[in-house]
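Data first, discussion second: the structure below is written as structure tokens.
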Amino acid sequence: MNLFEAVKAAVTPRMAAERYGLPVRQGNMVCCPFHNDRTPSMKLNEEYFYCFGCGAHGDVVALTAQLFDLPPAEAAKKLAADFGIVEQKPSVLTKLKRSKSQAELESRSFRVLGDYLQILQDWKAHCAPQSPEDAINPRYAEACHMLERIENMLDILTCGTPKERAEVVTDLQKDNRLALMEARNRQIREESHGTK
């Protein structure tokens with residue numbers, strides 16, 4: 022949530038009007054400070070204000086900006102200071118932890134996908150039918166089906182943008198796919214070592 026959003030979520034135009042000395046009358050009406058107004062013609066709604074006399078309108082930031090002749094960013098800062106609103110920024114430590122955990126996930130994903138790629142390459146080479154009459158080995162079929170996809174994912178983890186790499190990692194986290202692939206790789210390796 023940025024400062025504008027934080028201010029607008031916490032402060033209504035009425036709250037700002039009262040804080041800055043505009044007497045609010047019945048029906049959330051005030052005398053408009055932007056023209057010579059003898060009877061209240063400005064309505065203060067929950068999210069915006071509107072003057073029926075001069076047409077001035079906007080949100081709480083616009084009201085404050087016009088009252089104090091400030092640019093919107095300065096008006097948002099003034100509201101934040103006057104109402105004790107703190108912008109929620111992630112700390113540097115939080116960002117570092119997030120990037121470290123992302124790097125760890127990418128590294129683990131690369132390792133697991135690389136292991137699976139080696140298994141698929143081995144299956145494609147050693148489980149291929151020897152003649153047209155031979156039945157197709159399920160491992161050969163899996164290798165033919167998955168090789169290109171796994172190579173693409175590894176390419177993205179190697180050369181992709183941070184966003185593309187994050188998408189691959191997120192996809193592998195769904196339904197615990199990465200952990201299941203890792204366990205299956207281990208099981209296949211153990212079986213192949215047991216048969217040799």
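Residue numbers (our numbering): 22 to 217.
From the three backbone atoms N, C-alpha and C, an ideal C-beta is built for every residue, glycine too.
- Message: On a Cα-Cα basis, can you pick out the residue from Val81, Leu126 and Asp58 that is closest to Glu68?
- Response: Val81
- Item | Cα-Cα separation, Arg35 to Lys184 | Taking the CA atoms as reference points, Arg35 sits about 42 Å from Lys184.
- Option nearest Ala38 by Cα separation, candidates Phe89, Phe73 and Met167: Phe89
- In the segment 47 to 100, which residue ranges form an unbroken alpha helix (DSSP H) of at least 4 residues, counting only runs that do not cross its ends? 81 to 89
- Query: First and last residue of the alpha helix (DSSP H) that includes Asp176?
  - Reply: Pro159 to Cys180
- Item | Burial state of Thr85 (16 or more Cβ within 10 Å) | buried
- Can you tell me whether DSSP reads Ile140 as helix, strand or coil? helix
- Query: Is the Cβ of Arg40 closer than 8 Å to any Cβ of chain B?
  - Reply: Absent here is chain B; the protein component of the structure consists of one chain.
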